[in-house]
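Novice: In our numbering, the protein residues as written are 508 to 894.
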Amino acid sequence: MSRKFDVLILGAGAAGLFCAVEAGKRGRRAAILELADRPGKKILISGGGRCNFTNIHCTPQNFISANEHFAKSALARYTPADFIALVEKHKIPYYEKTLGQLFCDRAATDITNMLESECLEAGVQIFLNTRTKEVQRTTEFVVQTGTEEFRAPTLVVATGGLSIPKMGATSFGYDLARQFGLKIIKTRPALVPLVLAKQDQRAYCDLSGVSAAITVSTGHQSFREKMLITHKGLSGPAVLQISSYWEKGNPIRIDLAPERDVTSAMREAKTRNGTTARAAFLGVLPKRLADRWLDLHEPKSWTNQALEKLESDVHGWTLLPADTEGYDKAEVTAGGVDTNELSSKTMESRKVPGLFFIGEVVDVTGHLGGFNFQWAWSSAAAAGRAL
Ligand SMILES: Cc1cc2nc3c(=O)[nH]c(=O)nc-3n(C[C@H](O)[C@H](O)[C@H](O)COP(=O)(O)OP(=O)(O)OC[C@H]3O[C@@H](n4cnc5c(N)ncnc54)[C@H](O)[C@@H]3O)c2cc1C
């Protein structure tokens, strides 16, 4: 015997839960099938347990996609202000940490509780410990879970990306897209720490834990934020951001003292305190990093030419990372279901009517700072309102 619904949603993550609410509120009998034993597991670990649930400065420029225009419509029709209104309706206390990033004051469970209670109110049924194994399309979609069969005329795929496999991330959404003849933009780990080449690891990685305010660039993209040295390479917000743009084989360029004139700062320190050039340089960068930098790059004598070279090296430290730390450590997966396959208004497949893709499985990847959840809410609302 099979269970029948108006809408089946695969995955009870941020996108799946929110889409179900929107569909349920419109009177659709919606069911979510989730392989884990509780909904929204990634929400619970997000933002260090406090869920950076949106960003008030969200613009389409905060997203990476082969089609830079695709996300505009959904983002304009369900905005950060809309989600904030929902959070406020549930009296969830929140605060702006930095750069427009909104976090829960208490814990991410506030967001999962909110979504679960909205689902309950909208009459959504959530089936946990229910892994979708197979999908067929006859006159409707038929979903097999191994023990049960579910049927509905509409299917929403919200199975997320490949990051953090130990939390149950699967390639199911991409496999299903391929099964129905939809193209996939090659996936890659994004918002992920970078691994340095062996010689650079030997030179810097014992400084693990040291951080610095930098500007990092690759190609035409750059970010000004903090960098953190790790035991394998580099992380911190600036490096996570640039990792989403970095391609293996390309260098990254780090300005260790953005907008600072290192030579003048050193000259000033020397005149004011009568310190040595080395001591003066230690005031320019975080001390341990400055120390190491001079151990490796200190000129034989502090001629004007040497100062000029130091200035240019500090502003243009060029590294060739060996790799990223991969899906195990990536916050998101870039690439995914090709947006040319989907309607930007509804997220419905152009080829297969009734089949929708939302959230991270789609080739839309947000910058660090609450943008990925905003994409989950916006794409889910676009689909949920169209079901
Ligand atoms: C450590 C970490 C911290 C993060 N912090 C933030 C943050 O603070 N702010 C932010 O904006 N973004 C953050 N992100 C990114 C954000 O969590 C994701 O972009 C977002 O969760 C994507 O939502 P989604 O619903 O598309 O996918 P997911 O949340 O991954 O949900 C997909 C669901 O589908 C289920 N599923 C998969 N396959 C099947 C199957 N075959 N059958 C049934 N169910 C299946 C999975 O179990 C999962 O529950 C973070 C990510 C990580 C890993």
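No residue lacks a Cβ here, since even glycine has one placed at the ideal position from N, Cα and C.
1) What do you reckon, is the C-beta of A883 under 7 Å from a heavy atom of ligand 1?
2) Tell me whether V844 sits in a helix, a strand or coil according to DSSP, three-state version.
3) Does the beta-carbon of I552 have 16 or more other beta-carbons within 10 angstroms, so that it is buried, or is it exposed?
4) Let me confirm a value: Q608 is counted as buried when at least 16 other C-beta atoms fall within 10 Å, else exposed. Which label applies?
5) Helix or strand or just coil, what does DSSP make of R613?
6) Is L735 closer than 8 Å to G743 when the C-beta atoms are compared?
7) Sort Y601, A522, N620 by Cα distance to S668 and report the nearest one.
8) Using DSSP's beta-bridge definition, name the partner residues of A538.
9) Beta carbon of A665, beta carbon of G866: below 8 Å?
10) Shortest alpha-carbon distance to P672 belongs to which of A837, W753, S885, G861?
11) For L627, count neighbouring C-beta atoms within 10 Å of its own C-beta (all shown protein chains included) and say buried if the count is 16 or more, exposed if not.
12) Tell me, which residues are paired with F788 by DSSP?
13) Taking only three categories from DSSP, how would you classify M734?
14) If you check the beta carbons only, do K693 and G842 fall under 8 Å apart?
15) Can you give me the C-alpha to C-alpha distance between P567 and A588, rounded to a whole angstrom?
16) P696: which of H738, A720, R644, I749 sits nearest, CA to CA?
17) With hydrogens ignored, establish whether the beta-carbon of S572 is closer than 7 Å to any heavy atom of ligand 1.
18) Could you tell me the alpha carbon to alpha carbon distance between L606 and R767, rounded to whole angstroms?
19) Just to confirm, is the Cβ distance from T722 to R731 under 8 Å?
20) Does DSSP put K579 in a helix, in a strand, or in coil?
21) Would you identify the three-state DSSP class for Y585, choosing helix, strand or coil?
22) What did DSSP end up calling K693 once you bin it into helix, strand or coil?
23) Would you identify the three-state DSSP class for L627, choosing helix, strand or coil?
Specialist: Result, derived from the coordinates:
1) yes
2) strand
3) exposed
4) buried
5) coil
6) yes
7) According to the sequence shown, residue 668 is Gly rather than Ser. Checked all of Y601, A522, N620; the closest Cα to G668 is A522.
8) L515, Q632
9) yes
10) A837
11) exposed
12) In the DSSP output, where bridge partners are listed per residue, F788 has none listed.
13) Reduced to three states, the DSSP call for M734 is strand.
14) yes
15) 15 Å
16) I749
17) no
18) 22 Å
19) Taking a C-beta distance under 8 Å as the contact criterion, T722 and R731 qualify as a contact pair.
20) helix
21) coil
22) strand
23) helix
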